[in-house]
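The numbering of the sequence shown is this note's numbering, which starts it at -13 and goes up by one. Using N, Cα and C, we set each Cβ at its ideal position, and we do this for glycine too. Report on one structure; see the data block that follows.
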Amino acid sequence: MTSFISQIFGSRSSKSVNVPAVQIYDVEDAVEKPGRSLKHLLKLNHAEHALHNNTPISGLSISQNNVAHALISAFLFGANENDLNSLYESESKTLGPWKDSPGEVVGVDWRDYLGKKEYQRAFLDFFEDQLAEEGYDWKSVLHKFLFTGEGPLISSITASAGQPLTHLAYGLKMSSSVVVMEALTLAATCYHDNDISKYSDDPSYFQQEPSYRSSSILEILAKVRTDTRFCSESLAVAQEQNLEVIFRDREAALLDHCNAWAISSDPVTDFHASQAAAAAIATGIESGVEDGSGLLYPLIMSHAILVLLPHTPKAFHISLLRQWWLMTLAIYIAQLRPEIQSGHVAAYNVHEKDWQWVSKQAISGPHAKNAQFVKGLHALKEIDQAWKDSDEYYLKAAVLLINKFHG
């Protein structure tokens, strides 16, 4: 009888997505004041604040600790130590302290506690113990838990609107063992959120025959917008709880559109196109919409995948793209399926604004204390640098986001 492990790895695609490598930093070796301040603040946040925040937040805002995301994004935009300290004070106000877990997570039984957020402190202690056992080789610990074993944590990396994925990308970007261990903790404690892991671990979900096919993300979203299967009183207000409703009650319709995306024999081109689509989703709603910040999640996740792919075994590449697309669809539906303007980014006039201007807005503009906004701008800048965009598409998207943001 074929083992479960064989089923999982037999379902992995042989296609690989060989993307341009992004620049990697080592925060541990920082010598300049901003870098040393970043290192200190990341460790301070790690010591003082829980990863899962119990403070209620309205709209599609995931209630987790985003301090590392905000700090690293601002640092990469050129923030100085005073900017970083001010941002830390602002972002940490609503965070809660660590609480003791009901018990320890130890040994081979660690999987018994997956998805239990009350064990977040115990999971962090567990992964840090593993780090010590591996001689503080965080890459070895990451590979062991993310890519190996039955139901590897990569299968749930896009849970909770991609927060574990995003956290991991920032950890990799800065070579920070502190942030990477936090990311593993998020992946473990979010493991059962909306049963995301089952879609990667069971190949049948992504092999179901869709009612149509398209290579265009935006074309599929246009079909989703008019799909009456998503019309429901339970999906009348944009909020985080909508994700649970969508995966529980609208799974068949969700998978129909998910499997409609045709990934070709050239997945690099498909991924590049999906990143352009993510930029359009993030900036494409009408200016009058009060809060479209939830639509930044697909862009932020896409950037995180760009960072993660060079560190990911090729067998997981296509599955990771499918995970992104499934969560992107769910987020779009949870945000009440707004109309996305077509071609608006390419046609936008930046009026001589450049990335230096964008950086100033990210550090000291009116929305500089909004982590979601700063992460979105950082994602656009790094995607632009990776693909060496000659048409200024991502610069246009960044300027457009700055001018339209109402988060």
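Residue i versus the options, residue with shortest Cα-Cα distance
i: Leu363; options: Thr269, Lys300, Ser305; result: Thr269
i: Gln358; options: Glu77, Thr212, Ser23; result: Glu77
i: Gln227; options: Leu294, Gln50, Ala320; result: Ala320
i: Ala56; options: Ala384, Lys374, Ile349, Leu386; result: Ile349
i: Tyr105; options: Leu172, Gln50, Ser162, Asn52; result: Leu172
i: Ile203; options: Ile267, Asp69, Trp124, Tyr156; result: Ile267
i: Asn335; options: Trp310, Leu294, Ala383, Asp115; result: Ala383
i: Ala332; options: Ala262, Thr314, Leu294, Trp343; result: Ala262
i: Val53; options: Gly157, Leu386, Asp86; result: Gly157
i: Pro83; options: Val231, Asn51, Leu151; result: Asn51
i: Tyr191; options: Asn389, Leu241, Val223, Ser162; result: Leu241
i: Thr212; options: Ile143, Ser376, Tyr99, Pro324; result: Pro324
i: Val91; options: Lys85, Lys79, Glu75, Asp115; result: Asp115
Assigned exposure category for residue i - 16 Cβ within 10 Å defines buried
i: Cys244; result: buried
i: Pro284; result: buried
i: Pro352; result: exposed
i: Gly148; result: buried
i: Tyr380; result: buried
i: His38; result: buried
i: Leu366; result: buried
i: Ser345; result: buried
i: Pro88; result: exposed
i: Pro42; result: Here Pro42 scores only 44 on pLDDT, less than 50, and its place in the model should not be relied on; the value that follows carries that caveat. Under this definition Pro42 is an exposed residue.
i: Arg199; result: exposed
i: Tyr122; result: exposed
i: Glu219; result: exposed
i: Met(-13); result: Per-residue confidence for Met(-13) stands at a pLDDT of 32, beneath the threshold of 50, marking its modelled position as unreliable; the derived number appears in the next sentence. So Met(-13) ends up on the exposed side.
i: Asn31; result: buried
i: Gln309; result: buried
i: His337; result: exposed
i: Ser376; result: exposed
i: Val17; result: exposed
i: Lys103; result: buried
i: Val223; result: exposed
For residue j and residue i, believed in contact at Cβ under 8 Å, the rounded distance
i: Ser405; j: Ser146; result: Past the edges of the chain, shown from -13 to 393, lies residue 405, and the structure says nothing about it.
i: Leu81; j: His35; result: 4 Å
i: Val395; j: Lys19; result: Examination of residue 395 is not possible in this model, given that the chain is present from -13 through 393 alone.
i: Leu292; j: Thr298; result: Wrong, their Cβ atoms sit about 11 Å apart, outside the cutoff.
i: Glu168; j: Leu110; result: 7 Å
i: Leu24; j: Leu73; result: No, Leu24 and Leu73 are not in contact; Cβ-Cβ is about 10 Å, not under 8 Å.
i: Asn180; j: Phe233; result: 4 Å
i: Pro6; j: Ala372; result: 5 Å
i: Ala246; j: Ile304; result: Between Ile304 and Ala246 the Cβ distance is about 16 Å, and since that is not below 8 Å, they are no contact.
i: Ala316; j: Leu221; result: The Cβ separation is near 11 Å, so there is no contact.
i: Lys361; j: Ile286; result: 5 Å
i: Cys176; j: Pro138; result: Not really, about 14 Å apart at Cβ, beyond 8 Å.
Reduced DSSP secondary structure (H/G/I, E/B, other) of residue i
i: Trp310; result: helix
i: Ser87; result: coil
i: Tyr318; result: helix
i: Leu285; result: helix
i: Glu219; result: helix
i: Asp213; result: coil
i: His178; result: coil
i: Lys1; result: coil
i: Pro299; result: coil
i: Asp340; result: coil
i: Arg234; result: helix
i: Asp252; result: coil
i: Asn71; result: helix
i: Pro20; result: helix
i: Thr80; result: coil
i: Glu368; result: helix
i: His353; result: coil
i: Ile206; result: helix
i: Arg323; result: coil
i: Ile58; result: helix
i: Ala239; result: helix
i: Ser376; result: coil
Beta bridge counterpart(s) of residue i as assigned by DSSP
i: Gln50; result: His38
i: Ser200; result: Trp247
Residue i at chain D interface by Cβ criterion, 8 Å
i: Ala372; result: Reference to chain D is not applicable here, since this structure consists of a single protein chain.
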